[in-house]
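Chemist: This is the structure I have questions about; it appears just below.
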Amino acid sequence: MWTDSLVARFQHKRTSTFFAQGAPLIPRMGSRPISTMTLDPVPDLERNSDDQPQPCDSPVNRAEHVPAPPISQVTATTVDEKQTGEKPTPQVASKHDTSLAQVTPDIESIQRLGMRSIRSFFMEEIDTAQAAAPLTAYCFMTGFIDAVSFSAIFVWCAFQTGNSVQLALALARLFNGQHDTSFHIADQQALCSLLCFVSGAFIGRIGDKIGCKTRAWLTLGTLIQTLFTIGGAITIWQSGSGSVADNRGDPAWNNTLSFVTIGFISASMGLQGIMGKRLNTQFTTTVVLTTTWCELMTEPQLFNFRRLVVARDHKVMAILFLFIGGFISRAILDKIGSGGTLGVGAGIRLIIAFWWLLIPAKKAAQK
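Given below as structure tokens:
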């Protein structure tokens, strides 16, 4: 190596100078001290131009302190030299750029993750044990809507048992002695309510496809109920009909738009009924209290007032809030009319729709 040859030349020149002066390298006893000797300097021509005196510039030291280049850098340099024939300029990556490249997230991945999280949130099944509040509001809306329809036309839009019996009586009149073949307006309204109720319940089949206990369906279904109620409010407002009937033979709603109103609000109750039934709680359908009354009277813990009994208390809440809904509806009906009352009901249903988003998800069963 060039370092070994340089060291050998340097030692040879210095050693030859000492021998030329007749002075030993190691002084003996009685010999001249080294400090009194005159040393011949190394000629400038013999000094290598690259060997400029520098602190700690020993060739051996330089070889020890020069770090070896990384293997990846050497490989990249060799490839560049072979392809271009020129030695590429070394590029040193900044620590800031490296850290920034590592920290910078993939925006598309975050968006996909966000959409997946939103979808999973809406498709989660709610914990029906903690859904007492919106179901109680459903019962409130049953009394609220029925009070409007019964006050105007003596027809229950949610209780279809009476409407079914009324249609049976209308059919029986054809076989009595008078042979009354007229289709009374009360019977027409009962038939309209029944048909639209079952149509609204049929829409509930969509929930079976989505998931009847998912947040998505409960929110969507309640929003559909809201739209039906808004439609009923607008049509009865445009019809110019009254709000309260004096007797069954003279209903307050008797024009075409009033039939549209009956259809809208009956469909909303049918959809509410099947949505409540699919949750399989103590509130049952939230629109029929006949079963609720029967089950409450046969509840084993009916008179156990020392502690809370879910089966008993939820049935009591359903009956109580249906009563409150009917009372409030009839109270404001005299002030703002049928259209305004149904508008208030639509607002309450809109609140219930977003209320479902606050119900916790059902916990996974532990194995």
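If you count the sequence shown from 1, you need to add 68 to reach my numbering. Think of the CB as a built atom: it goes at the ideal place given N, C-alpha and C, for glycine as much as any other residue.
(1) Run through DSSP, which three-state label would I322 get?
(2) May I have the straight-line CA-CA distance separating N348 from Q246, to the nearest angstrom?
(3) Could you check whether the Cβ of G408 sits closer than 7 Å to any heavy atom belonging to the ligand PLP?
(4) Please report the distance separating the alpha-carbon of D195 from that of W224.
(5) Would you kindly work out how many angstroms separate the C-alpha atoms of D214 and G279, rounded to a whole number?
(6) Based on Cα-Cα distance, which residue from E363, P368, I404 lies nearest to I387?
(7) With respect to the alpha helix (DSSP H) encompassing K277, which residues constitute its N-terminal and C-terminal limits?
(8) Skipping 5 residues on each side, what residues in its chain have a beta carbon closer than 7 Å to that of T409?
(9) Hey, out of A200, A199, F218, M191, whose CA is closest to F395's CA?
(10) Return helix, strand or coil for E193, following the three-state DSSP convention.
(11) So within the region 175-247, which uninterrupted alpha helix (DSSP H) runs reach at least 4 residues, ignoring any that extend past its ends?
(12) Do you know how far the Cα of N322 is from the Cα of R417?
(13) For S336, count neighbouring C-beta atoms within 10 Å of its own C-beta (all shown protein chains included) and say buried if the count is 16 or more, exposed if not.
(14) Can you tell me whether A432 is helix, strand or coil according to DSSP?
(15) Give the DSSP-derived three-state secondary structure of T282 in the structure shown.
(16) Is it buried or exposed, I427, if we count other Cβ atoms within 10 angstroms and call 16 or more buried?
(17) If you drop the 5 nearest sequence neighbours on each side, which residues of the same chain put their C-beta closer than 6 Å to that of V377?
(18) Going residue by residue through the region 316-396, where are the continuous alpha helix (DSSP H) segments of at least 4 residues, counting only ones entirely within it?
(19) Rounded to the nearest angstrom, how far is the Cβ of I342 from that of G272, given a contact under 8 Å?
(20) What is the C-beta distance between G393 and G268, in whole angstroms, given that I count them as a contact (C-beta under 8 Å)?
(21) Which of the three DSSP states is assigned to I298 in this structure?
(22) Suppose you measure from the CA of L339 to the CA of T352; what does that come to, to the nearest Å?
(23) Could you give the distance in angstroms between the alpha-carbon of Q234 and the alpha-carbon of A258?
(24) Assuming P319 contacts F251 (C-beta within less than 8 Å), just tell me the rounded distance between them.
(25) In whole angstroms, give me the CA-to-CA distance for A197 and G310.
(26) CB-CB under 6 Å to T303, same chain, minus the five flanking residues each way: which ones, in chain order?
(27) Cβ of A432 within 8 Å of Cβ of T294?
(28) Could you tell me which of N244, A220, R380, L263 sits nearest to R316, measuring between CA atoms?
(29) How long is the line joining the alpha carbons of M191 and F208, rounded to whole angstroms?
(30) Among residues of its own chain, excluding the 5 on either side of V299, which ones have a beta-carbon nearer than 6 Å to its beta-carbon?
(31) Can you tell me whether A226 is buried or exposed, with buried defined as 16 or more other CB within 10 angstroms of its CB?
(32) Tell whether a beta-carbon distance below 8 Å holds between T287 and A421.
(33) Could you give the C-beta distance for M385 and T204, rounded to a whole number, given that I count them as a contact under 8 Å?
Modeler: Quick answer:
(1) It is worth fixing the name first, because residue 322 is Asn in this sequence and not Ile. It is coil, neither helix nor strand.
(2) Straight-line Cα distance between these residues: approximately 47 Å.
(3) In the structure shown, the ligand PLP is absent, as is every other ligand, since no ligand is present at all.
(4) Approximately 31 Å, taken between the alpha carbons.
(5) When rounded, the distance between both Cα atoms is 28 Å.
(6) It is E363 whose Cα lies nearest to the Cα of I387.
(7) Per DSSP, K277 belongs to the alpha helix (DSSP H) from 273-278.
(8) Taking T409 as the centre and dropping the five residues before and after it, the same chain places the C-beta of V216, S397, I400, L401 closer than 7 Å to its C-beta, in chain order.
(9) It is F218 whose Cα lies nearest to the Cα of F395.
(10) Correct three-state label for E193: strand.
(11) Segments of the alpha helix (DSSP H) lying fully in the region 175-247: 175-190, 200-221, 228-240.
(12) Roughly 27 Å separates the two Cα atoms.
(13) Flag for S336 reads buried.
(14) A432: coil per DSSP, three-state reduction.
(15) Collapsing the DSSP output to three states places T282 in a strand.
(16) The residue in question, I427, is buried, as its Cβ has 16 or more Cβ neighbours within 10 Å.
(17) Excluding positions up to five away in sequence, the list reads Q369.
(18) Restricted to the region 316-396, the alpha helix (DSSP H) segments that are unbroken, complete and at least 4 residues in length are 324-346, 358-365, listed in chain order.
(19) 3 Å between Cβ atoms; contact.
(20) Contact between G393 and G268 does not hold, since their C-beta atoms are separated by about 18 Å, which reaches or exceeds 8 Å.
(21) Assigned with DSSP and collapsed to three states, I298 falls in helix.
(22) For the pair L339 and T352, the Cα-to-Cα distance works out to about 13 Å.
(23) Whole-angstrom Cα-Cα distance: 7 Å.
(24) Actually they do not touch by this definition, with Cβ atoms about 14 Å apart.
(25) Between the alpha carbons of A197 and G310 lies a gap of roughly 42 Å.
(26) Sequence-distant partners of T303 (beyond 5 residues in either direction) whose C-beta falls short of 6 Å from its own C-beta, in its chain, are L325, V328, T329.
(27) No, the Cβ-Cβ distance between A432 and T294 is not below 8 Å.
(28) Closest option to R316, Cα to Cα, is A220.
(29) Cα to Cα, the separation comes out at about 27 Å.
(30) It is Gly, not Val, that sits at residue 299 in the sequence shown. Here the set comprises F332.
(31) By the 10 Å Cβ count, A226 comes out buried.
(32) Yes. Within cutoff.
(33) Taking 8 Å as the upper bound for CB-CB distance, M385 and T204 are in contact here, some 5 Å apart.
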